[in-house]
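**Student:** If you scroll down you'll find the structure; I have some questions about it.
Next comes the structure, spelled out in structure tokens:
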């Protein structure tokens with residue numbers, strides 16, 4: 001299997017590429033700049049050298065990365081590029097599943113969100129792409145820092161949302177392969193909550209009152225240890 | 227210290243009354259029906275009999291409960307009664323801190339929220355009460371079931387939000403006394419996320435795919451056990 005990660009040259013995209021490659025899933029790393037994604041892919045493969053059973057990471061321009069993916073295309077661009085990136089590749093996404101990781105952080109204040117009129121980035125993506133592409137929001141809350149520190153397990157459960165339950169469950173299964181618990185959190189409108197958890201975590205990370213940074217969230221069962 | 231809990235005869239209010247009384251904090255349990263709150267308070271005190279250092283729980287009509295509280299008035303009514311309850315007691319709340327626990331669950335579908343035009347219940351409360359009352363959102367995500375099972379520790383961190391940081395920090399300190407970690411999650415607008423976490427947890431609790439019910443959320447530090 002090959003998945004695409006667009007905006008894959010940023011910290012979150014790079015970390016996810018490493019984690020999926022470690023899980024044996026080929027990654028087509030997309031960027032507006034093919035030379036840059038090729039270079040980053042080479043660096044990432046070098047980081048994985050010596051680890052057993054890793055799949056390859058290859059760099060492409062965004063549209064070529066979409067074509068390389070059979071089913072799952074992850075969008076990990078900054079919010080400022082969310083709509084423009086989708087418009088540029090929309091026809092290529094028909095029949096595939098867009099996994100939207102983007103959080104509409106407020107420009108200049110990453111401790112808050114400024115949601116689009118549709119309610120969330122995931123809903124905006126679904127409205128923009130129409131019915132031919134299934135949009136699933138996922139992986140918004142996982143710290144890029146943690147993803148890139150391969151010796152650490154990922155301290156974040158993943159809340160997955162989308163109007164197509166089958167697509168969302170398939171994404172939850174995919175995401176589970178990098179070693180996280182993933183839960184179906186409801187239709188695309190749930191992304192209004194799920195995306196907004198990220199700035200809450202950023203606020204805690206910035207705060208001196210919390211004794212850790214790079215925090216995640218966990219669904220906490222009764223009786224489980226603190 | 228005495229705190230008021232309005233809507234205190236419901237499951238969440240009862241559970242919180244027990245937990246605060248166990249922490250040595252007197253509780254004025256408020257209801258529209260004074261006879262009912264007196265009766266429930268008697269039952270709750272009976273449940274605490276034999277436990278050391280518990281404070282008393284007393285039943286009142288809502289307005290009398292507000293008067294009994296020096297500073298903190300918790301609102302734990304169903305969303306349908308949120309605005310009407312606040313309007314009825316608004317003058318009595320001047321100079322006090324309203325701790326709003328209410329989640330605007332969609333009628334007939336507790337797996338989703340239907341936020342008021344202000345954005346969240348906390349924001350609606352602040353708009354309704356004006357500047358004389360400091361409104362802090364807190365304790366939305368804690369399972370009533372867990373609160374009422376006194377042998378269980380509370381499997382939920384508490385996200386506290388409000389426009390007055392000092393008031394929010396004071397509420398976080400108060401909430402911490404029942405044995406939970408409480409974090410400042412930003413201004414009242416953060417309640418759009420914090421309140422919406424509750425229906426996500428309700429969805430997980432209903433789902434057969436999650437191996438537990440009465441789930442909470444936890445802020446998860448890197449390196450902490452799963």
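Residue numbers (the working numbering), protein chains in the order written: chain A, 1 to 226; chain B, 227 to 452.
Every residue, glycine too, gets a C-beta built ideally from N, C-alpha and C.
Every value quoted in this text rests on a predicted model; they were computed, and no experiment measured them.
(1) Find out if the Cβ-Cβ distance for the pair residue 127 of chain A, residue 116 of chain A is shorter than 7 Å.
(2) Count Cβ pairs between the region 39-50 of chain A and the region 6-14 of chain A that sit closer than 8 Å; are there 3 or more?
(3) Between residue 443 of chain B and residue 382 of chain B, what straight-line distance do the alpha-carbon atoms span, to the nearest angstrom?
(4) May I ask you to verify whether the region 247-256 of chain B touches the region 271-287 of chain B, counting CB pairs closer than 8 Å and requiring at least 3?
(5) Is residue 82 of chain A close to chain B? Criterion is C-beta to C-beta, closer than 7 Å.
(6) In chain A, what lies closer than 9 Å to residue 372 of chain B by C-beta?
(7) Does DSSP put residue 248 of chain B in a helix, in a strand, or in coil?
(8) Is there at least one Cβ from chain B nearer than 7 Å to residue 200 of chain A's Cβ?
(9) Check whether the Cβ atoms of residue 133 of chain A and residue 98 of chain A lie closer than 7 Å to each other.
(10) First and last residue of the beta strand (DSSP E) that includes residue 458 of chain B?
(11) Identify the residues that DSSP records as bridge partners of residue 89 of chain A: which are they?
(12) Considering only their Cβ atoms, is the gap separating residue 424 of chain B from residue 329 of chain B smaller than 7 Å?
(13) Measuring straight from C-alpha to C-alpha, what distance separates residue 79 of chain A and residue 257 of chain B?
(14) Sort B/344, B/302 and B/379 by Cα distance to residue 230 of chain B and report the nearest one.
(15) Less than 6 Å separating the Cβ of residue 283 of chain B from some heavy atom of the ligand SAH?
(16) Please check the pair residue 220 of chain A and residue 247 of chain B, which I expect to be a contact at CB under 8 Å, by giving their CB distance rounded to whole angstroms.
(17) Against chain A, with Cβ distances strictly below 7 Å, would residue 430 of chain B count as a contact?
(18) Using the Cα positions of residue 167 of chain A and residue 107 of chain A, report the straight-line distance between them to the nearest angstrom.
(19) Can you list, in chain order, the residues of its chain with a C-beta nearer than 7 Å to that of residue 412 of chain B? Leave out the 5 residues immediately preceding and following it.
(20) Taking the alpha carbon of residue 139 of chain A as the point to measure from, which residue in A/1, A/17 and A/2 has its own alpha carbon closest?
(21) Please state if the CB of residue 404 of chain B and the CB of residue 245 of chain B are separated by a distance shorter than 7 Å.
(22) How about residue 73 of chain A and residue 96 of chain A: do their beta carbons lie closer than 7 Å?
(23) Nearest to residue 213 of chain A by CA position, among A/173, A/87, A/176 and A/143, is which residue?
(24) Residue 190 of chain A touches chain B at which residues, Cβ-Cβ below 7 Å?
(25) Rounded to a whole number of angstroms, what is the C-alpha to C-alpha distance between residue 311 of chain B and residue 422 of chain B?
(26) Quick one: what's got a C-beta closer than 7 Å to residue 402 of chain B's C-beta in the same chain, skipping five residues either side?
(27) Residues of chain B with CB under 8 Å from residue 140 of chain A, in chain order?
(28) Hey, does residue 79 of chain A have any beta-carbon neighbour from chain B nearer than 7 Å?
(29) For residue 196 of chain A, go through chain B and note every residue whose CB falls closer than 7 Å to its CB, in chain order.
(30) I'd like to know if residue 378 of chain B contacts chain A, where contact means its C-beta is closer than 7 Å to some C-beta of that chain.
(31) Relative to the C-alpha of residue 419 of chain B, which candidate in B/292, B/391, B/338 and B/288 has its C-alpha closest?
(32) Near residue 229 of chain A, what residues of its chain come up, given a Cβ to Cβ distance below 7 Å and the 5 sequence neighbours on each side ignored?
(33) Let's see if you can read the secondary structure: which residues bound the alpha helix (DSSP H) around residue 395 of chain B?
(34) For residue 235 of chain B, does the three-state DSSP call read helix, strand or coil?
(35) Under 8 Å by Cβ, that's how I've got residue 288 of chain B and residue 232 of chain B pegged, so tell me the actual separation to the nearest angstrom.
(36) Helix, strand or coil for residue 135 of chain A per DSSP?
**Tutor:** This is what the structure holds:
(1) For the purposes of this step, residue 127 of chain A is taken as residue 127 along the first chain, with counting starting at 1. For the purposes of this step, residue 116 of chain A is taken as residue 116 along the first chain, with counting starting at 1. Not a contact, by the Cβ cut-off of 7 Å.
(2) yes
(3) Here the question's residue 443 of chain B lines up with position 217 in the second chain. Here the question's residue 382 of chain B lines up with position 156 in the second chain. Roughly 5 Å separates the two Cα atoms.
(4) yes
(5) Residue numbering aside, residue 82 of chain A sits at position 82 when the first chain is read from its first letter. By this cut-off, residue 82 of chain A is not an interface position.
(6) By one-based count along the second chain, residue 372 of chain B stands at place 146. Result: 222.
(7) The count along the second chain starts at 1 and reaches residue 248 of chain B at position 22. Correct three-state label for residue 248 of chain B: helix.
(8) Reading the first chain from its first residue, position 200 is the one you call residue 200 of chain A. Residue 200 of chain A counts as touching chain B.
(9) Along the first chain, one-based indexing puts residue 133 of chain A at 133. Along the first chain, one-based indexing puts residue 98 of chain A at 98. Yes, Cβ-Cβ distance for residue 133 of chain A and residue 98 of chain A is below 7 Å.
(10) One cannot answer for residue 458 of chain B here, as it falls past the ends of chain B, which runs 227 to 452.
(11) As a working note, residue 89 of chain A is residue 89 in the first chain. Looking at the DSSP assignment, residue 89 of chain A forms no beta bridge with any residue, so it has no partner.
(12) For the purposes of this step, residue 329 of chain B is taken as the residue at position 103 of the second chain. For the purposes of this step, residue 424 of chain B is taken as the residue at position 198 of the second chain. Taking 7 Å as the Cβ cut-off, residue 329 of chain B and residue 424 of chain B qualify as a contacting pair.
(13) Mapped onto the first chain, residue 79 of chain A falls at position 79. Mapped onto the second chain, residue 257 of chain B falls at position 31. Cα to Cα, residue 79 of chain A sits roughly 46 Å from residue 257 of chain B.
(14) For the purposes of this step, residue 230 of chain B is taken as the residue at position 4 of the second chain. For the set B/344, B/302 and B/379, the Cα lying nearest the Cα of residue 230 of chain B is the one of B/302.
(15) This structure lacks the ligand SAH, and indeed carries no ligand of any kind.
(16) Counted from its first residue, the first chain places residue 220 of chain A at position 220. Counted from its first residue, the second chain places residue 247 of chain B at position 21. About 24 Å separates the two Cβ atoms, so there is no contact after all.
(17) As a working note, residue 430 of chain B is residue 204 in the second chain. Answer yes: the Cβ-Cβ gap between residue 430 of chain B and chain A drops below 7 Å somewhere.
(18) The count along the first chain starts at 1 and reaches residue 167 of chain A at position 167. The count along the first chain starts at 1 and reaches residue 107 of chain A at position 107. Residue 167 of chain A and residue 107 of chain A: Cα-Cα distance of roughly 31 Å.
(19) In the second chain, residue 412 of chain B corresponds to position 186, counting from 1. If we look at residue 412 of chain B and ignore the five residues flanking it on each side, its Cβ neighbours are 387.
(20) Numbered from 1 along the first chain, position 139 holds the residue referred to as residue 139 of chain A. It is A/17.
(21) Position 19 of the second chain, counted from the start, is the residue given in the question as residue 245 of chain B. Position 178 of the second chain, counted from the start, is the residue given in the question as residue 404 of chain B. Yes. Within cutoff.
(22) In the first chain, the residue the question calls residue 73 of chain A occupies position 73. In the first chain, the residue the question calls residue 96 of chain A occupies position 96. With contacts defined by Cβ atoms closer than 7 Å, residue 73 of chain A and residue 96 of chain A form a contacting pair.
(23) As a position in the first chain, residue 213 of chain A is number 213, starting the count at 1. Out of A/173, A/87, A/176 and A/143, A/143 has the C-alpha closest to the C-alpha of residue 213 of chain A.
(24) Taking the first chain and counting its residues from 1, the one referred to as residue 190 of chain A is at position 190. Per Cβ cutoff of 7 Å: 426.
(25) Counting from 1 along the second chain, the entry for residue 311 of chain B is found at position 85. Counting from 1 along the second chain, the entry for residue 422 of chain B is found at position 196. Their backbone Cα atoms lie some 21 Å apart in a straight line.
(26) Here residue 402 of chain B corresponds to residue number 176 of the second chain, with the count starting at 1. When the five nearest sequence neighbours on each side are left out, the beta carbons in the same chain lying within less than 7 Å of the beta carbon of residue 402 of chain B are those of 408, in order along the chain.
(27) Taking the first residue of the first chain as position 1, residue 140 of chain A is located at position 140. Within chain B, no residue comes near residue 140 of chain A; the closest Cβ sits about 11 Å away, beyond 8 Å.
(28) Translated into positions along the first chain, residue 79 of chain A becomes position 79. In terms of beta-carbon proximity, residue 79 of chain A stays away from the interface with chain B, with every pair separated by 7 Å or more.
(29) Locating residue 196 of chain A in the first chain gives position 196, counting from the first residue. Within 7 Å Cβ-Cβ: 418 and 419.
(30) Locating residue 378 of chain B in the second chain gives position 152, where the first residue counts as 1. Yes, contact with chain A.
(31) The residue labelled residue 419 of chain B in the question sits at position 193 within the second chain. For the residues B/292, B/391, B/338 and B/288, the minimum Cα distance to residue 419 of chain B belongs to B/338.
(32) Outside the shown range of chain A (1 to 226) lies residue 229 of chain A, about which nothing can therefore be said.
(33) As a working note, residue 395 of chain B is residue 169 in the second chain. Unbroken alpha helix (DSSP H) run through residue 395 of chain B: 391-402.
(34) Numbered from 1 along the second chain, position 9 holds the residue referred to as residue 235 of chain B. Here residue 235 of chain B sits in coil by DSSP.
(35) Residue mapping note: residue 288 of chain B aligns to position 62 of the second chain, counting from 1. Residue mapping note: residue 232 of chain B aligns to position 6 of the second chain, counting from 1. Indeed they touch by this definition, with Cβ atoms about 5 Å apart.
(36) In the first chain, the residue the question calls residue 135 of chain A occupies position 135. It is a strand residue.
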